[in-house]
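Student: First to last, the sequence lines map onto chains D and V. Under our numbering, think of the first position of the first sequence as 11, with each following residue one higher. Under our numbering, think of the first position of the second sequence as 213, with each following residue one higher. Handing you a structure now.
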Amino acid sequence: MLGLSGSEWLFYGGIAVMAAAGVLGMLSVIVFTLTGRALRDRLEQEYGKIRGKKTCPKE
Amino acid sequence: MSKRIAGVYELGKEIGAGGGGVVYLGEHIRLKKKIILKADKRSLRVKEEKLRREVDILKNLSHTYIPHVYDFVPEDGVVYTVMDYIEGESLDKLLARGQLPAQPQMIQWACQLLEALVYLHNQSPHGILHGDIKPANIMLKPNGDVCLIDFNIALALGEDGAVRVGFSRGYASPEHYGADYISRNKPASAGSIIETQHKKETSRSTVEEDVTAVSSIDDLVEDTQAEECATQVTQTEYDIVGEVQSGEDTAFATQIEAMNQDSTQYEEQSAKVSGSEDKTTTEGKKGILLDVRSDIYCLGATLYHMISGQRPAQDARDVVPLGPEVCSKAVSLILQKAMAIQPYDRYQTAAEMLEAFQTLHAKDVRTVRHKRHKLLVAAGLTGLFLAGGGSTFVGLKQLENRQAALTLAEYSANALAEGKISEAVSQAMQAIPLGKSILEAPVTAQAQKALTDALGVYDLAEGFKDVDTIELPGAPFDIVMSPKGTQAAVVYAYEIAVYDLENCQQIARLPTQQSALSDCVFMDETHVVYAGDTGITGYDLEEGTVMWTGETATTLTISADKKVVAAVDRDADQAMIYNAVNGEQIAVCSFGGQHLSVPANDIFADPQRDIFALNEDGSMLAVSFSNGGLMVFDIKNPDEDLIVYDSSEYRLFEGGFYEKYFAFAARKNGESLFGMIDVEKAAYIGGYTTKDNLILKADAQGIYLASGGLLVRVDPDTMEELEIAYTENALITGFSAGGTHTLTATDDNAFSFYDKGANQMSKVLCQEQCEFVAVSEEYAVVGNRNKPSVRVLKLDAHNDAHLLTYDARYPHDEARISHDGNTFMLYCIQGFQIYDQKGNLLTELELPDATQIYDQQFIREEKDSWLEVTWYDGTVRCYSAKDGTLISEEKKEAPQKDLYEEFFTQKYRIASSLHGAPEVYDLKSGQKVKNLAGEDYLAYVTQIGSYIITEYVGTTQERYGILLDENLEEIAYLPGLCDVVDEMLLFDFKSGNLRKCHLYSLQELIALGASYNI
């Protein structure tokens, strides 16, 4: 099929899979960033902005 | 005029009063900063030292959410505590107004309060307990932050904690109410409670010690608060709020109010608390330790009230968990845990509770789910990426290995073309992967073909096959074979190497004169005479010893009977005649001042320009000279010398004796001369001149003359010429003849073998012209002047593959074996012959009207086989393969005159036309897959397993097959293929032989290759 040998399938297929994984990774980053922001907004709406564990210094 | 305290504080208006004392608004005169001055009412009753100690605890505190106590000033019998002025109002005011904070706001305040608690609890040496956290003690500042106030009851924790002495109902922890209270809530002894507390308090040891510790703190509390809390209070809050100023000081007043709200019920362990408290007290020494977890409970209860608007039940058991309509489940759980009845069920530190709030986002189920999804996707994509990377790596390595295999296969083919069979096999084997690693590429068709070709398993044609290539120290000057042809002497720069052709091993290495003219002649298979560096030398190859030596000489000749040797030095004018066996000098043959042609440079080549030859018995010596003279010396009777040319313009003499004849050839000015002399009669018996170059060799085997592409044997008696070799489109540049086979070298850089019938057996193309060719019955040696190596070939008759010998004169196109293997049919359009297994001719038949025959098909079925002949008029006749009888004859539709044919395999349809390469189509898709190589006519296609065998007919009617793998890649060339039966291949050769072999699997080829060099 496509006139490719098994080795060529492995090579080009591997590159394609890596590229696909990279693209999916970038898409995932975008999706999770957006959903993360939405979730953060929801949580902030529910719990408010919560400061870190560091004790606030004397004003 | 306002009053000054300690000279720096200006006492302002009173803004509140209560059980704790009177609170004034003041100002720090130097800093111009508002402050609070609290005139402690206890100062009237408590020793200053006690008050100072209490304030000292507080004044070192410095935190955003805690008011700063600056100073402690006794003035006129009144003790003033100076502290930060906190603007805002207490949270209980908000609650009173029904202003409940939203959950995020409540969480923010909770975190601030918890930070304050963390600060307090971590004060050295053992922390400070607030003890009375409630909305009234939390100030909401204008900036939205809260501030924890009212440390009137704050206690410095001892190593064992502190004893709670007062409480605010609903906000107070169960332990505020005493041990019995806890016991009622959970049937456990105070000791066990304490022990649980001990889990966090490492310094505790025994209950008794705890009690002791409690008592000591009791004393402190008693001192500081006994007088203050004289009033018995049973309510959580009681109103001792002083006057609250109005106007601008409202917020301030709220703080003061809160500070002065000694509404908190201070109760000593021995105080007059009704109910259970009394009981606790009466039980006396069973004190309950307060610790940080008590503050946590208070804070939890405070937050509970703030978020729900409902004051928590005094009895912790009655506290109703907050539902989702009030707050988030996570917040409710935090509050539940903070308000657990048992201290050990609560957060053990304020920091722990703070972390619970701070990690609300992180621990939220949605966050966890989101993170889990991220992790899963990241892991999945990482795995996918790594898998892709792994696949790419493996593929790349396989492609690299495949390329290396292709290169090796090419090297193997080159080595095979040069006759280096061992090297060709070795490189082909290297091109075959071992199959031990995933990084190895699958076996390539090219590698398999290289191995097949190198092993020559399908080349069953009778002929000389490469055995090996012998590497030499220098390029050869001459090659001489022994009489039987089992050994060969190769002359190269100043040495002669003698090889056993059976194994291509060197037998001897003999030093020669420093001249390329140096000769070597064989006496027999084990003795040679050569132009040694010290003189002519007889050498025993078996013994490896010198038999004899003579005078210095370069050019040698030996009589046909191998008994006499003549030798002449490069520029000598006389020849020495020796007994070849013992080296005895027989005679001296004077040339009368003449000498042989000596090239200006005899270092690099032997031009072989002259005749220097003995006759059969060594009695006559023919010599040509540099002046063009040609003489035949009679060794025994010098008076009988024969002068052919005293001198002439001829140069480049060649010639020798055959029986009583002396034949010679010479060349001058583009003209060649061939002449024959009867030496017995001293008569010139014939000859001719021609413009072609003539190459002549005359010896005991006969007189052979090459002209152009024709090599003939000259019969001296009749002067008739018998063709023994002919090459089309090439000139013969050298030859070796006289035995059963003839070997010619041609100017197209090829050498060819011919059988006795002058049939070309094989032709081998080389990279360079082959100047030296020598052939014997069994071996052939080929070399050229520029390459320091010689190829050794061996005649392979393939007796083990023999199937049938038939009359080679019978013209036929195809040969087939019958279904039972008992008969063989040779046929063409003229007719057919049928042979049995022993080679007996059973039937011969001429087909009628041969010119009108359209097609012939040999049909082989399980129980019968026959030849089906179709004529253009549609007549179809079938002839039995058993005896040639006509089985059937019928008239069918006349066939179309084109020669288009189709063949089918399991996967492909192969279309073959008379012209053009066969085209292969996929059976399923109908798509064209590829064109098969070659422009010859595809006559038949056979599938065996995954292999496909295609049979072609070439332009000169030669037949051959090509073995294809499942990808239609060529993996073997099958010369002479004529039939395929199961896995047996039949080959038809013009020599009149049918041979067979089986189809070799790759494993068999690898096994053969592995054993080849062993």
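Backbone N, C-alpha and C define an ideal beta-carbon position, used for all residues, glycine too.
Using a Cβ-Cβ distance cut-off of 8 Å, determine whether D/L44 contacts chain V.
Tutor: It does not; no Cβ of chain V falls within 8 Å.
Student: Does the distance from the C-beta atom of V/Y1047 to that of V/T1035 stay below 8 Å?
Tutor: Yes, the Cβ-Cβ distance between V/Y1047 and V/T1035 is below 8 Å.
Student: Where does V/Y1212 fall in DSSP's three states?
Tutor: Coil, per DSSP.
Student: When every heavy atom of the ligand SAH is checked, does at least one fall within less than 7 Å of the C-beta of V/T571?
Tutor: This structure lacks the ligand SAH, and indeed carries no ligand of any kind.
Student: Are the beta-carbon atoms belonging to V/D1194 and V/R1171 less than 8 Å from one another?
Tutor: No, they are not a contact pair.
Student: Does V/E796 pass the burial test, meaning 16 or more other C-beta atoms within 10 Å, or should it be called exposed?
Tutor: So V/E796 ends up on the exposed side.
Student: Can you give me the start and stop residues for the alpha helix (DSSP H) that V/E537 sits inside?
Tutor: That residue, V/E537, is in no alpha helix (DSSP H); it is neither H nor E in DSSP.
Student: Which one or two residues does DSSP pair with V/K575 in a beta bridge?
Tutor: None, per the DSSP bridge assignment.
Student: Going along chain V in order, which residues have a C-beta closer than 7 Å to the C-beta of D/I40?
Tutor: Near D/I40 there are no residues of chain V at all, since even the closest Cβ is about 12 Å away, more than 7 Å.
Student: Under 8 Å: do the region 746 to 762 of chain V and the region 715 to 735 of chain V share three or more Cβ pairs, one atom per stretch?
Tutor: Verdict: yes, contact present.
Student: Taking D/L49 as the query, report the chain V residues whose CB atoms sit under 7 Å from its CB, ordered along the chain.
Tutor: Correct list: R578, T579 and H582.
Student: Starting from V/S183, trace the beta strand (DSSP E) in both directions and tell me its first and last residue.
Tutor: This structure gives no information on residue 183 of chain V, because the portion of chain V shown stretches from 213 to 1226.
Student: Between V/G631 and the rest of its own chain, which residues show a CB-CB distance below 6 Å, the 5 nearest in sequence each way excluded?
Tutor: Closer than 6 Å at the Cβ level, and outside the excluded window around V/G631, lie D678, T681 and R1003.
Student: Tell me, please, which residues DSSP counts as bridged to V/C1090.
Tutor: Bridge partners of V/C1090: V/E1080 and V/S1100.
Student: Consider the Cβ of D/L14: report whether some Cβ of chain V lies at a distance smaller than 8 Å.
Tutor: No, its Cβ sits nowhere closer than 8 Å to a Cβ of chain V.
Student: Out of V/D344, V/L243, V/E1216 and V/I217, state which residue places its alpha-carbon closest to the alpha-carbon of V/F284.
Tutor: Nearest option by C-alpha distance: V/I217.
Student: For V/V423, does the count of other Cβ atoms within 10 angstroms reach 16, so buried, or fall short, so exposed?
Tutor: Summary for V/V423: the model assigns pLDDT 31, below 50, so the residue's position carries little reliability; its value from the coordinates is reported in the next sentence. Label assigned to V/V423: buried.
Student: For a minimum of 4 consecutive residues, which ranges assigned as the alpha helix (DSSP H) are wholly contained in the region 852 to 930 of chain V?
Tutor: Complete alpha helix (DSSP H) runs here, min 4: none at all.
Student: Which residues in chain D sit within 9 Å of V/V589, going by Cβ to Cβ distance?
Tutor: Under the 9 Å cutoff, chain D gives L34, G35, S38, V41 and F42.
Student: What are the start and end residues of each continuous beta strand (DSSP E) run of 3 or more residues lying completely inside the region 677 to 730 of chain V, in chain order?
Tutor: Within the region 677 to 730 of chain V, the complete beta strand (DSSP E) runs of at least 3 residues are 690 to 693, 699 to 704, 707 to 712 and 717 to 723.
Student: I'd like to know whether the C-beta of V/H573 is nearer than 8 Å to at least one C-beta of chain D.
Tutor: Judged by the 8 Å Cβ criterion, V/H573 is in contact with chain D.
Student: State the DSSP-derived secondary structure class of V/Q1169, mapped to helix, strand or coil.
Tutor: Correct three-state label for V/Q1169: coil.
Student: I want to know whether the region 1042 to 1058 of chain V touches the region 1071 to 1078 of chain V - three or more CB-CB distances under 8 Å.
Tutor: Flag = no, the region 1042 to 1058 of chain V and the region 1071 to 1078 of chain V do not touch.
Student: Restricting to Cα atoms, I'd like to know which of V/T1063, V/L663 and V/K245 is closest to V/S638.
Tutor: Nearest C-alpha to V/S638: V/L663.
Student: For V/N1179, count neighbouring Cβ atoms within 10 angstroms of its own Cβ and tell me buried if that reaches 16, exposed if not.
Tutor: By the neighbour-count rule (16 or more Cβ atoms within 10 Å), V/N1179 is not buried but exposed.
Student: Can you tell me where the alpha helix (DSSP H) holding V/M641 begins and where it ends?
Tutor: V/M641 -> alpha helix (DSSP H) spans I633 to A643.
Student: According to the Cβ coordinates, are D/I22 and V/Q315 closer than 8 Å?
Tutor: The question names Ile, yet the displayed sequence has Tyr at residue 22 of chain D. No, they are not a contact pair.
Student: Since V/Q324 contacts V/D357 with CB under 8 Å, what's their CB separation in whole angstroms?
Tutor: At roughly 6 Å, the Cβ-Cβ gap stays under 8 Å, so V/Q324 and V/D357 are in contact.
Student: Helix, strand or coil for V/I361 per DSSP?
Tutor: Here V/I361 sits in coil by DSSP.
Student: Using C-beta distances below 8 Å, list every residue in its chain close to V/T1167, excluding the 5 sequence neighbours before and after it, in chain order.
Tutor: Cβ neighbours of V/T1167 beyond the five flanking positions: D1148.
Student: Between V/I1218, V/V994 and V/L1206, which has its C-alpha nearest V/D671's C-alpha?
Tutor: Minimum Cα distance to V/D671 is reached at V/L1206.
Student: Just reading off the alpha helix (DSSP H) that V/C1190 is part of, what are its end residues?
Tutor: Per DSSP, V/C1190 belongs to no alpha helix (DSSP H); it is in the beta strand (DSSP E), L1189 to V1193.
Student: For the region 291 to 325 of chain V, enumerate the residues whose C-beta is nearer than 9 Å to any C-beta of chain D, in chain order.
Tutor: Going along the region 291 to 325 of chain V in chain order, one finds A314, Q315, P316, Q317, M318, I319, Q320, C323 and Q324 with a Cβ nearer than 9 Å to chain D.
Student: Please report how far the alpha carbon of V/A942 lies from the alpha carbon of V/G600, in whole angstroms.
Tutor: Spanning the two alpha carbons is a distance of roughly 58 Å.
Student: Decide if the region 691 to 701 of chain V is in contact with the region 642 to 654 of chain V; the criterion is three or more beta carbon pairs, one per stretch, under 8 Å apart.
Tutor: The region 691 to 701 of chain V is not in contact with the region 642 to 654 of chain V.
Student: Quick check on V/I546: does DSSP put it in helix, strand or coil?
Tutor: In the structure shown, V/I546 sits in a helix (DSSP, three-state: H, G or I).
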